[in-house]
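Asker:
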Amino acid sequence: MNLKRILLYFRLHTKLFFRTRSGPFFLIIFPVILMLLFGSIFGSGGIGKTSIAVQNDGPDSPYIQGSLAAFNASGLFSVSLVPAGENITSYMKANSIDIGVVFPANFTSSISNRSAVVQYYSEPGDQTASTLQPVILNLILTGTGSTTATVYTQEVSVSGLGKAVDYYIPALLGYTIINGIFSMVYEVPNYRKDRIFRQLSFANLSKPEWLAATTLFYAVTTLISDVIIFGIGVSVFNVSLQVSIPGILLSVVVILSGLLLFTAIGLLAGLYTKDEESASLVANTIFFPMLFLSGVFYPISVLPSYLQTVAYALPLTYFNLALKDILLYNAFSQVLLEIVFMVLAGIGLFAFSSFLATRKQDE
Amino acid sequence: MSEIIKVENLTKRYGTLEAVRGISFHVNAGEVFSLLGPNGAGKTTTVEILEGVRKRTSGHVAVLGYDPEKIDETFRKRVGVLPQDFNFLQRITPLEALEFFIGSLESRMDPVELLKTVDLVDRKDVYFSKLSGGQKQKLGIAIALSNDAELIFLDEPTAGLDPISRKSIQQVMRNLRSLGKTIFLTTHYLEEAEKLADRVAIVNHGIIVDEGTPEELVQKNKTHDTLVVSLARDHATETALPKGLVMKSPGVYEMPVTSNDDLFSVLDSIAKSRIPVDNIYLKRENLEDVFMRVVGVEPDES
Ligand SMILES: Nc1ncnc2c1ncn2[C@@H]1O[C@H](COP(=O)(O)OP(=O)(O)OP(=O)(O)O)[C@@H](O)[C@H]1O
Ligand SMILES: [Mg+2]
Chain A
1 MNLKRILLYF RLHTKLFFRT RSGPFFLIIF PVILMLLFGS IFGSGGIGKT SIAVQNDGPD
61 SPYIQGSLAA FNASGLFSVS LVPAGENITS YMKANSIDIG VVFPANFTSS ISNRSAVVQY
121 YSEPGDQTAS TLQPVILNLI LTGTGSTTAT VYTQEVSVSG LGKAVDYYIP ALLGYTIING
181 IFSMVYEVPN YRKDRIFRQL SFANLSKPEW LAATTLFYAV TTLISDVIIF GIGVSVFNVS
241 LQVSIPGILL SVVVILSGLL LFTAIGLLAG LYTKDEESAS LVANTIFFPM LFLSGVFYPI
301 SVLPSYLQTV AYALPLTYFN LALKDILLYN AFSQVLLEIV FMVLAGIGLF AFSSFLATRK
361 QDE
Chain B
1 MSEIIKVENL TKRYGTLEAV RGISFHVNAG EVFSLLGPNG AGKTTTVEIL EGVRKRTSGH
61 VAVLGYDPEK IDETFRKRVG VLPQDFNFLQ RITPLEALEF FIGSLESRMD PVELLKTVDL
121 VDRKDVYFSK LSGGQKQKLG IAIALSNDAE LIFLDEPTAG LDPISRKSIQ QVMRNLRSLG
181 KTIFLTTHYL EEAEKLADRV AIVNHGIIVD EGTPEELVQK NKTHDTLVVS LARDHATETA
241 LPKGLVMKSP GVYEMPVTSN DDLFSVLDSI AKSRIPVDNI YLKRENLEDV FMRVVGVEPD
301 ES
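Right under this line is the structure:
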């Protein structure tokens, strides 16, 4: 491996990449479109009803029933009832619900005394939640028929809740990273067919050097796409991710180890692909199941249990989990395992592919 | 003279097909060596084994002292290659391609000079995919020259080139030879081999059927010269012609010439009979005739 040659080819590859129309499109414009699309669908406000979690810590009463009826009748909310005794914060996190309302044990007795308190759980700085707070208060007053009573809200801040759009940031990063598979599955058989590898070998550029330069290229371009997604998320949609320096650094490590793994998968698939027609079949067969089952577009928990088993067999799942742990929950501890898994699997697949590549060289 | 390439009992099998069936030859430093043979004879297979692109099935091969299956980076700096089906990155320009090879092989050649050599300067900034077939081929030749190699493999370098370009590439090969470089040339143009090659090997069905300088091959294999007599236009046939002349096409007669006496007596009688002759010439056998004869015969299976 010669670093000078790798960089020489990297520069060449990058230059040629920008001569294609589709290259820059998928690098810059497509992530922008995706992020704007997902941001507008799932960003603050959103469409349809806002989910709220409601918990009653006291006895059931007409006041409680009245409030729930008012929530439902407003058409603004879809109400999830949290059983008494369960931790509402965990419930909200698990179900991606941004707003929680808790009627304390003494609510019914207090409201009959014309003064009561409800707890309002939300992420600090969540625009939607603060806009909806007076609305919910009003609905409680109407629902309990106590328009003359005073109901105070006790604000409870929940961190790490995030908005739906937050959830999609790690997912979109996952999307950008499996894009490399597509390029590999097309490029490898094409280069073999056109005998580009042979011609490059005359310049002393070996297959491992080609691979290193190409992987470096994907690393740089993926990071660029990801910075764009991240930047739009933060500046346009106000995403509230856990952004700390260690978090960002760790995310970069996750992205790079994911890249290693997915490039290796792409390479392996590319080596088994004979021509361009089968390339699209192979690429899509790998790409779409991962996209739909690995928690990119919706949480794995909504899948039926047998599909969840499949999901946990897909490498992208681990990438998504790792990024979510970091960016959504600021939880670094289990990420290490996911990184190690991706790096080891990536190296293993690379080793296997280069063994295969040298063996296939001479057919 | 030192042997720069040495091949002994080389074989190559593709599945059940034995493309090269035990060939031996050597190439001396500083000579132009040409491998000739019909399509599928095993030329490219042999060349690619020497270049280190293909693995051999058996036999012994040494190129610049290397076993081509165990080459290092220096090998590529000392050897230039034009593959038969030369192709490169579709969106690269000739100038960039040469700069890449020069940079990667740490050569001191000037890319623009190389482009001048192959007459491609005015297309230096055009994408590879937009070059014509012959222009692509010229870029391939320039790349083969980009490392200023001492040994250059050219697998059909002039295939697909127009006559003017072909002549100029042949001149390039002559210049390379005068610089002391060794050229391993594969070609289908027999007059090209005859003009350029110091030594020639003819392969057929994976076996070398003959080998030597072009003159040696012609001398060794020629049967006879041929006298050709073509009559003036309005004389399609002529009964007064001497006996040995046989009509090959309307107005064109030929006769094998085995001795000068034969020749003179025929010419004498033509002169005497005053037949209106348009042209008389003696056709000498060349490499092409020898090739046809040598290759037309199935090689010995044993
Ligand atoms: N990769 C391969 N796999 C299988 N058979 C091959 C392969 N390459 C060449 N052959 C076969 O080996 C034989 C020799 O091919 P080769 O390319 O060496 O011929 P050649 O002398 O260069 O012919 P041409 O003048 O057409 O270039 C042919 O019958 C060809 O079909
Ligand atoms: Mg050939």
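In order, the protein sequence lines correspond to chains A and B. Counted the way my numbering counts, the first sequence spans residues 1 to 363. Counted the way my numbering counts, the second sequence spans residues 1 to 302. Don't be surprised by glycine CBs; every beta carbon is placed ideally from N, CA and C. Note that the coordinates shown come from a computational prediction; the quantities given were computed from them, not determined experimentally.
Give the residues of chain A in contact with residue 73(B), contact being defined as C-beta atoms less than 8 Å apart.
Answerer: For the purposes of this step, residue 73(B) is taken as residue 73 along the second sequence, with counting starting at 1. What residue 73(B) touches in chain A: 2 and 204.
Asker: Give me the chain A residues within the contact set of residue 123(B), using Cβ-Cβ distance strictly less than 9 Å, ordered along the chain.
Answerer: For the purposes of this step, residue 123(B) is taken as the residue at position 123 of the second sequence. Neighbours of residue 123(B) on chain A: none; closest Cβ ~17 Å, over 9 Å.
Asker: Could you tell me whether any non-hydrogen atom of ligand 1 is closer than 7 Å to the CB of residue 14(B)?
Answerer: Taking the first residue of the second sequence as position 1, residue 14(B) is located at position 14. Yes, the Cβ of residue 14(B) comes within 7 Å of a heavy atom of ligand 1.
Asker: So with Cβ pairs under 8 Å, would you call residue 94(B) a contact of chain A?
Answerer: Translated into the one-based positions of the second sequence, residue 94(B) becomes position 94. Answer no: the Cβ-Cβ gap between residue 94(B) and chain A never drops below 8 Å.
Asker: Taking 7 Å as the cut-off, is the C-beta of residue 84(B) nearer than that to any heavy atom in ligand 2?
Answerer: To locate residue 84(B), count along the second sequence from 1; it is residue 84. Yes, Cβ of residue 84(B) sits closer than 7 Å to a heavy atom of ligand 2.
Asker: Is the beta carbon of residue 17(B) within less than 7 Å of some heavy atom of ligand 1?
Answerer: To locate residue 17(B), count along the second sequence from 1; it is residue 17. Yes, since a heavy atom of ligand 1 falls inside the 7 Å radius drawn around the Cβ of residue 17(B).
Asker: Using a cut-off of 9 Å between C-beta atoms, extract the partners of residue 20(A) located in chain B.
Answerer: For the purposes of this step, residue 20(A) is taken as residue 20 along the first sequence, with counting starting at 1. The answer, in chain order, is 91.
Asker: If you reduce the DSSP assignment to three classes, tell me which class residue 241(B) lands in.
Answerer: Reading the second sequence from its first residue, position 241 is the one you call residue 241(B). Residue 241(B) falls in the coil class under three-state DSSP.
Asker: Verify whether the separation of the beta carbon atoms of residue 185(B) and residue 196(B) is less than 8 Å.
Answerer: Mapped onto the second sequence, residue 185(B) falls at position 185. Mapped onto the second sequence, residue 196(B) falls at position 196. Yes, the pair counts as a contact, with Cβ atoms nearer than the cut-off.
Asker: Which chain A residues sit within Cβ distance under 7 Å of residue 184(B)?
Answerer: Counting from one through the second sequence, the residue named residue 184(B) turns up at place 184. Chain A residues near residue 184(B): none, gap ~15 Å exceeds 7 Å.
Asker: For residue 319(A), collect the residues of the same chain with a Cβ closer than 6 Å to its Cβ; drop the 5 residues on either side in sequence, then sort them by chain order.
Answerer: On the first sequence, position 319 is the one that residue 319(A) refers to. These residues qualify, in order along the chain: 174 and 258.
Asker: With DSSP as the reference, label residue 45(A) as helix, strand or coil.
Answerer: Locating residue 45(A) in the first sequence gives position 45, counting from the first residue. In this prediction, residue 45(A) has a pLDDT of 45, which is less than 50 and means its spatial position is unreliable; nothing more can be read from the coordinates.
Asker: Taking its Cβ as the centre, do 16 or more other Cβ atoms sit within 10 Å of residue 179(A), making it buried, or is it exposed?
Answerer: On the first sequence, position 179 is the one that residue 179(A) refers to. Under this definition residue 179(A) is a buried residue.
Asker: For chain A, is any of its Cβ atoms less than 8 Å away from the one on residue 288(B)?
Answerer: Residue mapping note: residue 288(B) aligns to position 288 of the second sequence, counting from 1. No, its Cβ sits nowhere closer than 8 Å to a Cβ of chain A.
Asker: Three or more beta-carbon pairs under 8 Å between the stretch 179-194 of chain A and the stretch 266-273 of chain A, yes or no?
Answerer: Yes: the two stretches touch, three or more of their Cβ pairs being nearer than 8 Å.
Asker: Which one or two residues does DSSP pair with residue 34(B) in a beta bridge?
Answerer: Taking the second sequence and counting its residues from 1, the one referred to as residue 34(B) is at position 34. Answer is 185(B) and 200(B).
Asker: Starting from residue 323(B) and walking both ways along the alpha helix (DSSP H), at which residues does that stretch end?
Answerer: Beyond the ends of chain B as shown, which are 1 and 302, falls residue 323(B); an answer cannot be given.
Asker: Just checking: is the beta-carbon of residue 17(B) within a distance shorter than 8 Å of some beta-carbon in chain A?
Answerer: Along the second sequence, one-based indexing puts residue 17(B) at 17. By this cut-off, residue 17(B) is not an interface position.
Asker: Please compile the residues from chain A whose C-beta is within a distance smaller than 7 Å of the C-beta of residue 104(B).
Answerer: Taking the first residue of the second sequence as 1, we reach residue 104(B) at position 104. Per Cβ cutoff of 7 Å: 5, 8, 203, 204 and 205.
Asker: Which residue from 201(B), 288(B) and 106(B) puts its Cα closest to that of residue 148(B)?
Answerer: Looking up residue 148(B) in the second sequence gives position 148. Checked all of 201(B), 288(B) and 106(B); the closest Cα to residue 148(B) is 106(B).
Asker: Mind pulling the chain A residues with CB within less than 8 Å of residue 157(B)?
Answerer: Residue mapping note: residue 157(B) aligns to position 157 of the second sequence, counting from 1. Near residue 157(B) there are no residues of chain A at all, since even the closest Cβ is about 15 Å away, more than 8 Å.
Asker: Compare the C-beta of residue 264(B) with all C-beta atoms of chain A and state if any pair is closer than 8 Å.
Answerer: The sequence position of residue 264(B) within the second sequence is 264, counting from 1. Chain A, which has no Cβ nearer than 8 Å to the Cβ of residue 264(B), makes this no.
Asker: So which residues of chain A does residue 110(B) contact, with C-beta pairs closer than 9 Å?
Answerer: On the second sequence, position 110 is the one that residue 110(B) refers to. Residues of chain A passing the Cβ test: none, with the nearest at roughly 17 Å.
Asker: Is it buried or exposed, residue 201(A), if we count other Cβ atoms within 10 angstroms and call 16 or more buried?
Answerer: Counting from 1 along the first sequence, the entry for residue 201(A) is found at position 201. With 16 or more other Cβ atoms within 10 Å, it is buried.
Asker: With distances taken from CA atoms, which of 311(A), 4(A), 63(A) and 69(A) is nearest residue 103(B)?
Answerer: Counted from its first residue, the second sequence places residue 103(B) at position 103. Nearest of 311(A), 4(A), 63(A) and 69(A) to residue 103(B), Cα basis: 4(A).
Asker: Which partner residues does residue 80(B) have in the DSSP bridge list?
Answerer: For the purposes of this step, residue 80(B) is taken as the residue at position 80 of the second sequence. According to DSSP, residue 80(B) bridges with 152(B).
Asker: Between the stretch 150-164 of chain B and the stretch 72-79 of chain B, can you find at least three pairs of beta-carbon atoms closer than 8 Å?
Answerer: Yes, the stretch 72-79 of chain B is in contact with the stretch 150-164 of chain B.
Asker: Using DSSP's beta-bridge definition, name the partner residues of residue 256(B).
Answerer: As a working mapping, residue 256(B) is identified with position 256 in the second sequence. Answer is 226(B).
Asker: Pull the bridge partners of residue 133(B) from the DSSP assignment, please.
Answerer: Within the second sequence, the letter at position 133 stands for residue 133(B). DSSP, once it has assigned bridges, lists no residue as partnering residue 133(B).
Asker: Which residues in chain A have a C-beta closer than 8 Å to the C-beta of residue 68(B)? List them in chain order.
Answerer: Numbered from 1 along the second sequence, position 68 holds the residue referred to as residue 68(B). Within chain A, no residue comes near residue 68(B); the closest Cβ sits about 12 Å away, beyond 8 Å.
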